[in-house]
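**Student:** For reference, the structure I am asking about is given below.
Residue numbers (my numbering): 332 to 936.
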C-alpha cells in the first residue's frame with residue numbers, strides 16, 4: 332500500500348471508528364431489568380406508528396397495524412392458557428405470519444421455539460418436544476408434514492394447535508384452531524404483562540446441530556436477542572429509521588432473526604421479507620422494493636456472482652450488507668460488481684458467547700472480537716485440544732489457525748442449551764490458568780493483519796472441526812445423519828463426513844458404508860429413507876459402498892482418509908460411488924463425465 336493509500340485509509344478508519352465509540356461500553360441488560368423484545372417492539376410502534384414495518388408478497392404493514400395484529404394473536408394464545416414460562420413451537424415458512432406469531436408469543440412472556448421448517452420425522456418431533464412446547468403454531472404449508480408426526484407430540488388437539496392460512500390450498504385440519512378467525516374477536520391494545528417481562532427470561536429457542544446428536548435448543552434470553560439486534564444493528568449495519576432491509580434468510584436462524592429482523596424493528600426501519608432466496612429473482616426484487624440493506628450468508632453471495640449480468644443489477648439500491656461466510660475469493664468481486672460500500676462480516680452462534688464484528692468495514696475479515704477470546708493449538712487427527720506439560724492450552728502465533736475459545740464471564744455469558752449435559756460438553760477449563768472457563772466454538776480461526784485499525788486485532792474464519800460441517804448455509808451433524816442412515820436395512824454403520832466440492836460453499840455430505848458380501852445396494856429404499864427423515868441440506872450428496880468399514884481399536888470410525896479420497900474415482904479402490912445431482916430425486920453411479928464436471932466446478936452445486 333502506497334503512503335497516499337495509507338493516509339486515505341487512516342482517515343477512513345478514523346471516521347468509521349467515530350461511529351463505533353458510542354457503543355464501546357454497550358452491555359447486555361441485567362437479567363432483572365424490565366426490558367424485552369415485546370416491549371421494544373411496542374416502543375417502536377409508539378414512536379414510528381406510520382412507518383412501513385413489513386413488506387411481504389405485495390402486502391404491506393405499518394408498525395401501528397402490525398402491532399394491533401400481534402396483540403390480537405397474543406390474546407388468542409392467552410385464551411388457550413399460554414402465559415409466562417410456557418413455550419410455543421412455531422413451524423412455518425418465512426412469511427408475515429411467522430414474525431406475527433413470534434412477537435405474539437414473546438409479548439405474553441412465553442418462549443417461542445423456532446423450528447427449522449425443512450425438518451421432518453424424528454428430527455421434527457425431537458425439536459418440538461425438547462423445548463417442552465405446550466402448543467404449536469403451524470402454517471398451512473407445513474400442516475401435512477406436522478400431521479405425519481402429530482401422534483408422537485403429545486399436544487392436545489384444537490387447544491394445542493393454532494393454524495394460519497397461507498395460499499388456501501390445504502384445508503384447515505380438524506385438529507387445529509383457525510388463528511385468524513379467533514383474532515377477529517380480540518381487542519388489539521397492548522397487553523399489561525409485556526411490561527413485566529425481564530431481560531433474563533427466555534424469549535426464543537433457536538436450534539443448532541452442534542457437533543453431535545440431534546439438534547440442540549439454544550436458550551436465547553431477551554437480553555441476548557436485544558443485544559444481537561441493537562448492538563449489531565448500530566455498529567454493523569448503522570441502521571436508521573429510513574433504511575430498508577431485504578431479508579431472504581430463514582428467520583429461524585439467529586442471523587436472520589437477530590441482526591436482521593430485530594435490528595431493523597428496533598429503530599423503526601422497514602423489512603422486505605421473502606420466503607427463501609432466489610438468485611434469478613433477487614435483482615428484480617431489489618429494483619421493485621428498493622432496499623438499501625441486505626442480510627446474507629456467503630453461499631448467497633457466491634450464487635449471485637455466478638449469475639449472468641442482468642439489467643436490474645445496474646444502478647441497484649443496495650449500499651450495505653451484514654452476514655457471515657463470505658469467502659475472500661468472492662468478496663472483491665461481489666463488492667465491486669454490485670457497488671456495495673459496506674460489508675459487515677460477523678461471526679457468532681445461537682448458543683455461544685463469542686461475537687466478532689467487522690465494525691471498521693475492512694475487507695475479508697470477520698472483524699474484531701467483542702469479548703475475550705483465545706486461539707489454541709488443535710490436534711485434527713485426534714479431534715482434541717493440545718496442552719503443554721503443565722496442562723495449559725497453547726495459544727497459536729499470528730496467522731496460524733487455532734481453535735477458537737471464548738472466555739465465560741459476567742460480560743460474556745454462556746446460556747447453553749436446554750440439555751445440561753450438552754452445555755457441560757462445550758465448556759473447557761484450565762485453558763490459561765486454574766479455574767478459568769471457556770466456551771469451545773468448535774471453529775478454527777486465525778488472526779490477520781488488516782493495516783491500521785486503532786489496535787483492534789482482526790480475524791478470519793478458517794474451518795469447522797470435529798463432527799460438524801456446513802452445507803447450504805446450515806450446520807450438519809454427522810452423528811445425526813448417521814443415526815438416520817443406520818435405520819436402513821442394509822446399513823449397520825454409516826460413516827458420514829463432509830467433502831469439498833469445487834465452486835461450492837462449505838462441504839457436501841458423503842457417507843461410506845459396507846454391504847453384506849454379494850448384496851446389491853437398494854438405491855430406491857435408501858433414497859426413500861433419506862427424503863423422509865432428513866432435511867434437504869443434510870441429505871448426503873455422495874455415497875461410497877465399501878467392502879469393509881475402517882475403525883480404530885475402540886471402534887471409532889476413521890474419517891481422515893475418507894475425507895481426502897472423497898469421491899475421486901482414482902482414489903476409492905474398487906468401491907462404488909453414487910451421486911445425487913443438483914435438483915435430482917435419485918442417486919446414480921458416479922461416471923467419469925459427471926466427475927469431470929464436479930472437479931471443474933461446473934456441476935451446479
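By construction, the Cβ of each residue, glycine as well, lies at the ideal position given by its N, Cα and C atoms.
All values derive from a computational prediction rather than experimental measurement.
(1) Just mark residue 325 as buried or exposed, buried being the case when its beta carbon has 16 or more other beta carbons within 10 Å.
(2) Please return the same chain residues whose Cβ sits closer than 8 Å to the Cβ of residue 723, not counting the five positions on each side in sequence.
(3) Does DSSP put residue 785 in a helix, a strand or coil?
(4) Would you say the region 566-574 touches the region 400-413, given that touching needs at least three Cβ pairs under 8 Å?
(5) Look up residue 636 in the DSSP assignment and say whether it is helix, strand or coil.
(6) To the nearest angstrom, report how far apart residue 529 and residue 932 are at their CA atoms.
(7) Considering residue 809, what are the terminal residues of the alpha helix (DSSP H) in which it resides?
(8) I think residue 839 touches residue 872, with their Cβ atoms under 8 Å apart; what is that distance to the nearest whole Å?
(9) Residue 884: buried (16+ other C-beta within 10 angstroms of its C-beta) or exposed?
(10) Assuming residue 879 contacts residue 845 (C-beta within less than 8 Å), just tell me the rounded distance between them.
(11) For residue 524, which residues in the same chain have their Cβ closer than 8 Å to its Cβ, ignoring the five residues on either side in sequence?
(12) Between which two residues does the beta strand (DSSP E) containing residue 571 stretch?
(13) What alpha helix (DSSP H) runs, 4 residues minimum, are completely inside the region 409-468?
(14) Check whether the region 571-580 and the region 614-627 touch, using three or more Cβ-Cβ pairs below 8 Å as the test.
(15) Between residue 818 and residue 710, what straight-line distance do the alpha-carbon atoms span, to the nearest angstrom?
(16) With a cut-off of 8 Å, do at least 3 Cβ pairs link the region 846-858 to the region 828-836?
(17) Please report how far the alpha carbon of residue 771 lies from the alpha carbon of residue 452, in whole angstroms.
(18) Is residue 527 buried or exposed, if buried means 16 or more other CB atoms sit within 10 Å of its CB?
(19) Have a look at residue 374 and residue 489 and give me their C-alpha separation to the nearest angstrom.
(20) Give the single residue among 600, 811 and 559 whose Cα lies nearest to the Cα of residue 570.
(21) Within the region 511-563, note down every full beta strand (DSSP E) run reaching 3 residues or more, in order along the chain.
(22) Based on Cα-Cα distance, which residue from 715, 669 and 651 lies nearest to residue 689?
(23) First and last residue of the alpha helix (DSSP H) that includes residue 651?
(24) Here's the rule: buried if 16 or more other CB atoms are within 10 angstroms of the residue's CB, otherwise exposed. What is residue 357?
(25) Where does residue 841 fall in DSSP's three states?
(26) Given 8 Å as the limit, is there contact between the region 725-737 and the region 697-708, that is, 3 or more CB pairs closer than that?
(27) Apply the 10 Å Cβ neighbour rule to residue 367 and answer buried if 16 or more other Cβ atoms are within range, or exposed otherwise.
(28) Bridge partners for residue 333 per DSSP, in chain order?
(29) Please report the residue range of the beta strand (DSSP E) in which residue 910 lies.
(30) Looking at the structure shown, is residue 696 part of a helix, part of a strand, or coil, going by DSSP?
(31) Taking one C-beta from the region 489-506 and one from the region 896-907 each time, how about it: are there three or more such pairs within less than 8 Å?
(32) Go ahead and pull the three-state DSSP assignment for residue 473.
(33) Looking at the structure shown, is residue 774 part of a helix, part of a strand, or coil, going by DSSP?
(34) Thinking C-alpha only, which one of 784, 835, 776 and 745 is nearest residue 359?
(35) Take the Cβ of residue 354 as the centre, count every other Cβ of all protein chains shown within 10 Å, and call the residue buried at 16 or more, exposed below.
(36) For residue 516 and residue 434, I'd like the C-alpha separation in whole angstroms.
**Tutor:** By the coordinates alone:
(1) Residue 325 cannot be examined here, being either before or after the span of the chain that is shown, 332 to 936.
(2) For the purposes of this step, residue 723 is taken as residue 392 along the chain shown, with counting starting at 1. Listed in chain order, the non-local C-beta contacts of residue 723 below 8 Å within the same chain comprise 761, 762, 763 and 764, local neighbours out to five positions each way being set aside.
(3) Locating residue 785 in the chain shown gives position 454, counting from the first residue. Residue 785: coil per DSSP, three-state reduction.
(4) Touching, no, given that fewer than three Cβ pairs across the two stretches are closer than 8 Å.
(5) As a working mapping, residue 636 is identified with position 305 in the chain shown. Looking at residue 636 - three-state DSSP - the assignment turns out to be helix.
(6) Within the chain shown, residue 529 is the residue found at index 198, counting from 1. Within the chain shown, residue 932 is the residue found at index 601, counting from 1. Spanning the two alpha carbons is a distance of roughly 51 Å.
(7) Walking along the chain shown from the start, residue 809 turns up at place 478. 809-816 is the span of the alpha helix (DSSP H), which, as asked, contains residue 809.
(8) Sequence index remark: in the chain shown, residue 839 carries index 508 (1-based). Sequence index remark: in the chain shown, residue 872 carries index 541 (1-based). The C-beta separation of residue 839 from residue 872 comes to about 4 Å, placing the pair in contact by the 8 Å criterion.
(9) To locate residue 884, count along the chain shown from 1; it is residue 553. Note that residue 884 scores 42 on pLDDT, short of 50, meaning its location in the model is unreliable and no value can be drawn from it.
(10) Locating residue 879 in the chain shown gives position 548, where the first residue counts as 1. Locating residue 845 in the chain shown gives position 514, where the first residue counts as 1. Yes, they are in contact, since the Cβ atoms of residue 879 and residue 845 sit about 6 Å apart, within 8 Å.
(11) Along the chain shown, one-based indexing puts residue 524 at 193. Here the set comprises 414, 415, 438, 439 and 440.
(12) Taking the chain shown and counting its residues from 1, the one referred to as residue 571 is at position 240. Here residue 571 belongs to no beta strand (DSSP E), and DSSP marks it neither H nor E.
(13) Qualifying alpha helix (DSSP H) stretches, in chain order: 427-438 and 452-461.
(14) Short answer: they touch.
(15) Numbered from 1 along the chain shown, position 487 holds the residue referred to as residue 818. Numbered from 1 along the chain shown, position 379 holds the residue referred to as residue 710. Their backbone Cα atoms lie some 32 Å apart in a straight line.
(16) Judged by Cβ distances under 8 Å, the region 846-858 makes no contact with the region 828-836, as fewer than three pairs qualify.
(17) As a working mapping, residue 771 is identified with position 440 in the chain shown. As a working mapping, residue 452 is identified with position 121 in the chain shown. Per the coordinates, the alpha-carbon of residue 771 lies some 30 Å from the alpha-carbon of residue 452.
(18) Residue mapping note: residue 527 aligns to position 196 of the chain shown, counting from 1. Exposed is the call here.
(19) For this step, residue 374 is matched to residue 43 along the chain shown. For this step, residue 489 is matched to residue 158 along the chain shown. Residue 489 has its alpha-carbon roughly 33 Å from the corresponding atom of residue 374.
(20) Translated into the one-based positions of the chain shown, residue 570 becomes position 239. Taking only the C-alpha atoms, the option nearest residue 570 is 600.
(21) Complete beta strand (DSSP E) runs here, min 3: 533-539 and 547-552.
(22) Your numbering for residue 689 matches position 358 in the chain shown. Out of 715, 669 and 651, 651 has the C-alpha closest to the C-alpha of residue 689.
(23) The residue you call residue 651 lines up with position 320 of the chain shown. In the DSSP annotation of this structure, residue 651 is not part of any alpha helix (DSSP H); the continuous beta strand (DSSP E) holding it starts and ends at 651-655.
(24) Indexing the chain shown from 1 puts residue 357 at position 26. The residue in question, residue 357, is exposed, as its Cβ has fewer than 16 Cβ neighbours within 10 Å.
(25) One-based indexing of the chain shown puts residue 841 at position 510. For residue 841, the three-state secondary structure derived from DSSP is strand.
(26) Cβ pair count under 8 Å is three or more, so yes.
(27) Counting from one through the chain shown, the residue named residue 367 turns up at place 36. Buried.
(28) Residue mapping note: residue 333 aligns to position 2 of the chain shown, counting from 1. Within the DSSP bridge table, the entry for residue 333 names no partner.
(29) Residue mapping note: residue 910 aligns to position 579 of the chain shown, counting from 1. Unbroken beta strand (DSSP E) run through residue 910: 907-910.
(30) Start at 1 with the first residue of the chain shown, and residue 696 comes out as number 365. Residue state, collapsed to three classes: coil.
(31) These segments do not touch.
(32) Mapped onto the chain shown, residue 473 falls at position 142. Here residue 473 sits in helix by DSSP.
(33) Walking along the chain shown from the start, residue 774 turns up at place 443. Note: residue 774 maps to strand in three-state DSSP.
(34) Your numbering for residue 359 matches position 28 in the chain shown. 745 is the residue among 784, 835, 776 and 745 whose C-alpha sits nearest the C-alpha of residue 359.
(35) Position 23 of the chain shown, counted from the start, is the residue given in the question as residue 354. Residue environment analysis places residue 354 among the exposed positions, since fewer than 16 neighbouring C-beta atoms fall within 10 angstroms of its C-beta.
(36) Position 185 of the chain shown holds residue 516. Position 103 of the chain shown holds residue 434. Pairing residue 516 with residue 434, the inter-Cα distance amounts to about 19 Å.
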